[in-house]
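Asker:
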Amino acid sequence: MYTKLLLGLILCWGVWSFPDGAPIDTCVKNRANQPNHGQHRTQPLSSLPYRVLASALVYGPNTPVT
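Here it is as structure tokens:
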């Protein structure tokens, strides 16, 4: 028990982070609620190697997806 606690404290001590959070350019985007991946663009829907079709409009806990 104490070994895990000590290991956890040592690992937390060695973590490096930004004191004020992520850099501002991480969050600045041209359009709100859009991912910011620089030059990379999403793959066109017509060239996706798979297609997902839902068998129901609403799903809940323990509801099978077929």
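Under mature numbering (1 follows the signal peptide of the UniProt record, and there is no 0), the residues of the sequence shown are numbered -17 to -1, 1 to 49, in order.
Cβ coordinates follow ideal geometry from the N, Cα and C atoms, glycine included.
Report the rounded CA-to-CA distance for L(-12) versus D3, giving the unit in angstroms.
Answerer: C-alpha separation (whole angstroms): 27 Å.
Asker: In the structure shown, what three-state DSSP assignment does T(-15) receive?
Answerer: Residue state, collapsed to three classes: helix.
Asker: Could you tell me the alpha carbon to alpha carbon distance between R34 and T49, rounded to whole angstroms?
Answerer: Those two C-alpha atoms are separated by around 13 Å.
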